[in-house]
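Student: Protein chains in written order, with this note's numbering: chain A, 1 to 317; chain B, 318 to 539; chain C, 540 to 1209; chain D, 1210 to 1695.
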Amino acid sequence: MRLGPLIAQALEIIVALAAAPLFLGWVNQCRAWLANRSAPSILLPYHNIRKLFHKDAVIAENASALFRIAPYIVFGTMVLAAGIIPSLAGRLPLVVAADAIALVGLFATARVFLSLAAMDVGTAFGTLGARREMMVGFLAEPALLMVIFVASLISATTALPAISAHLAAERLGIDPSLAFTAVAFTLVLLAENARIPVDNPATHLELTMIHEAMLLEYSARHLALMEWASALRLFNYACIGFALFVPWGIAARDIGPLGLSLAVPVLALKLAAAGGGLAVIETVSAKLRVMRAPEFLATAFLFAVLGLLVHVLLGGA
Amino acid sequence: MTHVPFNQQLLNVCAALLLLLSFAMLSQRRIVSLVNLFAVQGVVLTAATLLIAWRTGEGHLYFSALLTLALKVAFLPWLLHRLIRRLGVYWDTEPLLNISGTMLTGILIVVFAFGLAQPITHLASTSMRNAIGIAVAVVLLAFLMMITRRKAMSQVVGFLSMENGLFFGAMSATYGMPMVVELGVALDVLVAVLVLGVFFFQIREQFDSLDLHHLERLSERQ
Amino acid sequence: MIASLPSPLTDCLALVAAWLAIGVAGLARPRSVRYAGRALFVLGALVGLGLAAAAAWALVSGVTETRVLPLGLPELPFHLRLDALSSVFLLLLGAAAAGVSLFSAGYFRDSEGVAPGLLCLQYHVFLASMGLVLLADDAYAYMVGWELMALSSYFLVTTQHRIAEIRRAGFIYLLMAHLGALAILLSFGILQGGSWQFTFDAMRAAHVSPAWATGAFLLALLGFGAKAGLVPLHVWLPEAHPAAPSPVSALLSGVMLKTAVYGMLRVTFDLLGHPLWWWGLVPLAMGLFTALYGVVFAAVQTDMKRLLAYSSIENVGLIFIGIGLGIVFFGVGMPALAALALLATLYHSLNHAAMKSLLFLGTGSVLHATGQRNLGRLGGLIHRMPWVAALTLIGALALAGLPPLNGFVSEWLLLQSFLFADEIPRAFVNLLLPLGAAVVALCAALAAYVMVKFYGVIFLGQPRESSLAHAHDCGLLERLGLGWLAAVCLTLGLAPVQVISALAPVTRQLTGSAAPQGAAWWLLAPVPGRAVSYAPLVFLLAGAAIVVLTVLLVRLFYHQRIRRTRPWDCGFGEVSPRMQDTAEGFGQPIRNIFQSFFAIERELPTPFDAAPRYRIVISDRIWRALYEPVADWVRRLADALAVLQQGRISAYLLYSFATLVILLAVVLAT
Amino acid sequence: MMELPFLLGFPAVGAITLAFWGARRHAPEINAAFSLGTFAAACALALRVIAHGPELLWREQFFIDPFNVFLVALTAFVGLTTSLFSRPYMRVEVVHQRVTLGRLRLYHSMYQLFMLTMLTALTTNNMGLLWVAMEGATLSTVLLVTLYRTPQSLEAGWKYFILCGVGIAQALFGTILLYFAAEKVLGAQGVTALLWTHLDAVKSQLEPAVLALAFVFLLVGYGTKVGLAPLHNWLPDAHAEGPTPISAVLSGLLLNVALYAVVRCKILVEGSLHSSLPSRMLMGFGLLSVVLGAFFLFRQRDIKRLFAYSSIEHMGLATFAFGLSGPVATFAALLHMTVHSLTKSAIFFTVGHAAQKAGSQLMEDIRGLITLSPTVGWGLMLGSLAILGLPPFGVFASEFLILTTAMREQPWSIPILLLALGVAFAAIFGRVQPMVFGDSEARRLPHAPALLPVFAHLAIVLVLGIYIPPYLAEWYRAAAHLIGGP
């Protein structure tokens, strides 16, 4: 295998690792601005991670090995996902490892391990968080799959790079089915990344928290990995969104220095815009009661299915 | 109207008598006279057999006439009378279907029987083909009697007169069955009545009555 | 003929016979656990391995042989046949049986209620009868094997016959099995098409009119569906599986359900030959409903074996979805896609055999160690029984359909084949089928939910009962059994390309078109010419590499100091086991979302209860809606008829009289 | 040709001997010995017929052909095993003081007499003698049904006597009509005119109208003894109230022989009618019996009544199969007669022991046989499963053939059959399971149960399910060919 793609692959992963916390910071900053608060430093997530890595790990006595392995696995899956999703370039070595469906499976793996780890210590909040996380998951996952289905039906493939390449090649027109799925995807993204209105990353209020509840027993480096992983997850979802709905600017054909050097700034732009948009949504919408989350996700599912139907109807006609 | 030979007329008279008798049995409620009627039936049957024997000159018919006389006129009635005395059952209770109703049904049955006998009658070469219909009628009437009676005893008499009907049928259709069969049938009837005798005593000692409503326990209506 | 030189068929036959022999040998010393309960079962496991090997060889060498045994009916001796289809399922049978028997050798004690020898007999007759079902090439041999399978497994299910529920479960099981068998029998009766030959060859040759063929197909679907547990014919399954001893549950769920799949494929694609495309919609619809129904019920169960039983129903649903898709594709003339769908079916059958057996055996170990089947009284066993916990985790993750394990592969294939549904040249169908994909996706996600509940509540958290402290890990033989099945799961997960190329002859036999070949030995692609791929090996290696790298970096740069304290739990004081979610609690979201599925009766505590208690009974609507009315109807009819026989002799005489008169009238009339 | 004299001689002599010695200590053994002799003679006869084909004997009054010789062998065999079973059973009854020694004598002598009538009915060539023997069978068993002299047994006996007597009277009239029709062809007063072989030879010339009527009477007559609904009402009572060995032979033998008579008549009538009227009648009766039997099964509480109704159902099935009247169906019907009589008598053996142990025939009193005495428990369980038509037992083989044939020939009948079979399965199995499984508090018996007969029967049925020996198959084929049908 030639060296170029490998380097590109490595570059993509590194960019992801580096950019993920930054993106999170950016979103928080935008939210602060929109809320007329003085924004924290955009680098705050880095500081957090660094700080956590230096602390002593405190673990419950009855925690099993699973509890300690889980952070690494979750982190690993997220990094792998970052390597597969064409954020900078398609046609990368890792791409063959998994198509879009496998990618969804990858996220599911992360979620399952996260939940298992949360149940391991056997505290009230851990199990509660795990349950809620799985609930959100089993509703979000099909919606995400439907979104991908529509894209794959349009481009006759389930390989993400191929999809985005195909979509990018298409004439720039508004495709109604894609529009529906875009909405669905946004909702899924909010839910999966524990953002308002499904969850609130900023609070530890028992009754409402989902994602945070699962991390309660973690500390130090394990917590750091978990935080980093969730930042990566947000980043990954954003990149999937880009690949599906604004696929332009990804170095589809040539993964030489030129293409990449062109792709990086484009990605930065997209991230900035997405972060802004995300912040806006989070600011204007209110946190839902946990039991309302299913309805929220059902809407997402509905949108995705509508997109599917629209596609088949118009495509069939 | 063609001329009918004398003994032929006699035979027809016998047939008519048999029919009359079974109607009489159908309406009779006194068990003693029921048995008597049965005996008379036997007499008529014997007469008919003798007539046929005389006419056809079939040797074995004389024998079966004898058999009939011995069994159905002498032995069975005697046995039944004895049982009646020993068991003290003289009256049958009100039949399930009242007399007039029974009679009406009987008439219908006779009509049906004649209709039934048509194909046979056409074929029969015997001199008394018309009697076949009567034989069937006798059988079915006996059947009806068994259905409508409530006392074991009268049911048995019905059973026996049914056998009479069969015998008469055999006579009128085919001048009787082969000897070996005749004997077998007679034997069976004999044994049957003996068994019945045993039966009556068993039933009596259990229920001290021969009323059939004691014998209605085994059913699916739990 | 073939008998002279050794042949795969002869080998398989000999091995199946060997099972029978082992079973009979069990009666020699029925009371001895070491002989009948241990040695013979190990022997049986070896036979299973042998069978798997022979079948695999037959599959690879691609032989198709037939032979006739001097048994059976005079006109219809036992015909046997070994072809690609049967050898795949024989492989499944052998491999699964090997693991289960190995486990059983360590599992069965004489506390099972029946003498070990008898158990050994029933167990091995069960295995042998399944072998006969897979080998049979005529209706009679097939039905003999089929019913024998039901019978032997019935005795196994009712091993603990002193418990009334178990007797009831056994009764329902055998009743459903028998009714199903009757349906299959009639289907064969149609298939022989007037040629009084009941050999499958004759049925292949026979020409059946479309109407009759449809009848045969529906009857077969009824019969095999009843065995496989398609909703609404599933009622026996969640009763029988928990009732049986765990190894038997493993066989029932892992292998026996697959014989129904085998039968369905055999009848539809082999004997009927040319299925009409719309037939496929029936199993497809039933499958979709079954899958959703099963997984939703699994999510709310509190008995771990019932949970697995319902999850089996779900998987059967997925399998039949594949069959339905295959029929549709084949019917509209897309053999390649039909091959893909059937491939998903076959692959999922193999997967489910491995993972569900594994999980049931796991529950068996838990049951022996704790004596508890109720999830509400388990927990924290990962500390007490690490082996079982570790091996079961593999099964659970596989069943949850997570890459890179095997469950995901078949799910992936199924979704891929759904992706082509829009090319079907039938209006509406191509519109509706993609919605099926949505249901499949939902089921897959719910399966993950169920598995997290299953594993988390049993093995993680704190023990909910003090008695669990004495739980012990399973013995060596049991570990071997579990390990073997786990290994099978991993292999199926990591080497899909090889498995698929091995399955190619089957799809070629069924649809005339080969299954998709991998682009490379490590790369899986559903159909040639599509830029789609899944490479579990790369996937796993890359993932592992990243994880290891992370671990190393962390070890390299940061200190390893760790303090152990009590759980923090957001600052609550004492953390008691009762604070954890119970099984009911974990199922609660599902219960709310899918309320319409269940017939729920609740007993909620009021705020003023001195000793507040919470009880909830979730039962199957279908049972009340479908089966109880039928039973009532039969009972009422019987009561009505009973009037006929009211004990009066005159009435009886009247019957005779009436019969006589009526018949005479009939004769006169004609 | 010495087999036949022995075949009929053994039971005849036995009946007389036991009439005097029947109460002695070794009477049961004597009984068994005579039955053994009969069985030996039957086997010799069977072998001879297989070797030399059909034979006529004693001025053509007796006739052995494949059809009846296999029933002869079956009858003799079941007679033997039943006598073996009744050894401990009746001894226990004596100990329990349900029968006096006098009645024991009656029982033994009548048992032999019953065998005699059965064998005569099977082997005779004379339709008249057939009738005589059938009536004789009723008479010899009616006093056995009332052996216990309980009110119920007397009632059962009375119904048995009257209903069968009346029925058989109809059969006599049918025979007369047959004779009447035959006379036209075979010449007046021909002693040969009632010989089946001659009738069979000229059956195509017999007058259809008469034979149609004759068949109705014969069918109603012998059908009553077969237990065809709605003429079956005597059957459950007689089975339930008599001693179990008698229930076994009634179910296992009498019904078969009666059906044999019906089929003999059907052959003649169909030959003359050239229409499928008789077949349709048989099918109608068969279906009705199957359905009614199945539904009555549902309400039973008495175990012997339960299996009596199952006999009705199975006889109905066999009759239905004869009505289908293809070579396959007839084959299946014969096979069904065989396996049913073997299985059902085996079941009655186990039922007898079970009821004695529990001291009651009510099913709710019989529990946990498998814990009390595993052999009886397993016998009952396996027997019931066999009778329910589960492979590898022979009943499945016959039902397989019957159902698949009916599926093609008479599709309309299939739903009815399925309903009935399903109901029967649920009814019988749902009651047998709790009797066999679970715990029990029943007592031990003074005499060990005789289980050899049970498992001998089940073994044979099992073998017939997976392997029908060629000569037996030949036998069935020959019989099926003989019965033929249009």
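Yeah, the Cβ is synthetic: ideal placement off N, Cα and C, and Gly gets one too.
Taking just the CA atoms, how far does Ala-635/C sit from Gly-587/C?
Tutor: Approximately 8 angstroms between the Cα atoms of the pair.
Student: Scan the stretch 1016–1030 of chain C for residues whose Cβ lies nearer than 9 angstroms to a Cβ of chain A and list them as they occur along the chain.
Tutor: Those residues of the stretch 1016–1030 of chain C that come within reach of chain A (Cβ to Cβ, closer than 9 angstroms) do not exist; the list is empty.
Student: Hey, Ser-956/C and Leu-876/C are a contact pair by Cβ (cut 8 angstroms); roughly how many whole angstroms apart?
Tutor: With a Cβ gap of about 6 angstroms, Ser-956/C and Leu-876/C count as contacting.
Student: So for Gly-316/A, helix, strand or coil by DSSP?
Tutor: With a pLDDT of only 46 at Gly-316/A, under 50, the local geometry of the prediction cannot be trusted, and no value is derived from it.
Student: For the alpha helix (DSSP H) holding Val-978/C, just list the boundary residues, first then last.
Tutor: Run containing Val-978/C: 968–998, per the alpha helix (DSSP H) assignment.
Student: Quick one: does Ala-1207/C have its CB under 8 angstroms from some CB of chain B?
Tutor: In the sequence as presented, Ala is not what sits at residue 1207/C; that position holds Leu. For Leu-1207/C, the answer is yes, since a Cβ of chain B falls inside 8 angstroms of its Cβ.
Student: For Thr-931/C, which residues in the same chain have their Cβ closer than 6 angstroms to its Cβ, ignoring the five residues on either side in sequence?
Tutor: Hits under 6 angstroms: Gly-901.
Student: From the DSSP output, read off the bridge partner residues of Arg-620/C.
Tutor: For Arg-620/C, which the question treats as bridged, DSSP gives the partners Thr-605/C.
Student: Please report the distance separating the alpha-carbon of Leu-116/A from that of Val-991/C.
Tutor: Approximately 6 angstroms, taken between the alpha carbons.
Student: Comparing the C-beta of Lys-1434/D with each C-beta of chain C, is any distance below 8 angstroms?
Tutor: With 8 angstroms as the cut-off, Lys-1434/D does not count as an interface residue toward chain C.
Student: Should the stretch 969–989 of chain C be regarded as contacting the stretch 824–833 of chain C, the criterion being three or more beta carbon pairs within less than 8 angstroms?
Tutor: Touching, yes.
Student: I want to verify the contact list: residues of chain C whose CB lies under 9 angstroms from the CB of Val-147/A, in sequence order.
Tutor: Within 9 angstroms Cβ-Cβ: nothing; Val-147/A doesn't reach chain C, min ~11 angstroms.
Student: As a quick exercise: from Leu-864/C, Gly-946/C, Ile-1157/C, Leu-981/C, pick the residue whose alpha carbon is nearest that of Val-968/C.
Tutor: Out of Leu-864/C, Gly-946/C, Ile-1157/C, Leu-981/C, Leu-864/C has the C-alpha closest to the C-alpha of Val-968/C.
Student: Reducing DSSP to helix, strand and coil, say where Lys-1566/D ends up.
Tutor: Three-state DSSP puts Lys-1566/D in a helix.
Student: I'd like to know if Glu-686/C contacts chain D, where contact means its C-beta is closer than 8 angstroms to some C-beta of that chain.
Tutor: At least one chain D Cβ lies under 8 angstroms of Glu-686/C.
Student: Determine the closest residue to Leu-810/C out of Ser-1005/C, Ala-878/C, Ser-850/C, Asp-677/C, with distance taken between C-alpha atoms.
Tutor: It is Asp-677/C whose Cα lies nearest to the Cα of Leu-810/C.
Student: Under the three-state reduction of DSSP, which class applies to Glu-1142/C: helix, strand or coil?
Tutor: The answer is strand: DSSP assigns Glu-1142/C an E or B state.
Student: Closer than 8 angstroms, CB to CB, is Val-515/B near chain D or not?
Tutor: Output row for Val-515/B: interface = yes.
Student: What number of angstroms, rounded off, separates the C-alpha of Asn-1277/D from the C-alpha of Pro-1220/D?
Tutor: C-alpha separation (whole angstroms): 18 angstroms.
Student: Within 8 angstroms, do at least three Cβ pairs link the stretch 1319–1328 of chain D to the stretch 1222–1236 of chain D?
Tutor: At 8 angstroms Cβ cutoff, the stretches touch.
Student: Taking the beta carbon of Leu-552/C as the centre, do at least 16 other beta carbons fall within 10 Å, making it buried, or is it exposed?
Tutor: Classification for Leu-552/C: buried.
Student: For Ala-745/C, which three-state DSSP category applies?
Tutor: Coil.
Student: The stretch 1068–1087 of chain C: which residues have C-beta closer than 7 angstroms to a C-beta of chain A, in chain order?
Tutor: From the stretch 1068–1087 of chain C, only Arg-1069, Ala-1070, Val-1071, Ser-1072, Tyr-1073, Ala-1074, Val-1077, Phe-1078, Ala-1081, Gly-1082, Ile-1085, Val-1086 have a Cβ closer than 7 angstroms to chain A.
Student: Buried or exposed: which applies to Leu-26/A, given that a residue is buried once 16 or more other Cβ atoms fall within 10 Å of its Cβ?
Tutor: In the sequence as displayed, the identity of residue 26/A is Trp instead of Leu. Classification for Trp-26/A: buried.
Student: Using CA atoms only, rank isn't needed, just tell me which of Val-1156/C, Ala-1181/C, Ala-1149/C, Ala-597/C is closest to Glu-1142/C.
Tutor: Residue Val-1156/C is the option with its Cα nearest to Glu-1142/C.
Student: Can you tell me the Cβ-Cβ gap for Lys-1513/D and His-1448/D, rounded? I've got them flagged as a contact below 8 angstroms.
Tutor: At roughly 6 angstroms, the Cβ-Cβ gap stays under 8 angstroms, so Lys-1513/D and His-1448/D are in contact.
Student: Are the C-beta of Leu-328/B and some C-beta of chain C separated by less than 8 angstroms?
Tutor: With 8 angstroms as the cut-off, Leu-328/B does not count as an interface residue toward chain C.
Student: Using the Cβ count rule (16 or more neighbours within 10 Å means buried), how would you classify Glu-1344/D?
Tutor: Buried, since its Cβ has 16 or more Cβ neighbours within 10 Å.
Student: Would a check of beta-carbon distances place Thr-1539/D closer than 8 angstroms to chain B?
Tutor: Not an interface residue.
Student: What are the start and end residues of the alpha helix (DSSP H) that includes Val-246/A?
Tutor: Unbroken run through Val-246/A: none, as it is neither H nor E.
Student: Determine the closest residue to Ser-152/A out of Leu-658/C, Tyr-681/C, Leu-954/C, Met-873/C, with distance taken between C-alpha atoms.
Tutor: Checking every option, the nearest Cα to that of Ser-152/A belongs to Leu-954/C.
Student: Apart from the five residues just before and just after Leu-1021/C, which ones in its own chain have a Cβ nearer than 6 angstroms to its Cβ?
Tutor: Cβ within range, chain order: Leu-900, Leu-930.
Student: By DSSP, does Trp-1230/D sit in helix, in strand, or in coil?
Tutor: Helix, per DSSP.
Student: Applying a beta-carbon distance threshold of less than 9 angstroms, which residues of chain C neighbour Phe-307/B?
Tutor: Examination of residue 307/B is not possible in this model, given that chain B is present from 318 through 539 alone.
Student: Where does Phe-323/B land, buried or exposed, given buried means 16+ other C-beta within 10 angstroms?
Tutor: Flag for Phe-323/B reads exposed.
Student: Is the separation between the beta-carbon of Leu-88/A and that of Val-15/A shorter than 8 angstroms?
Tutor: Yes, the pair counts as a contact, with Cβ atoms nearer than the cut-off.
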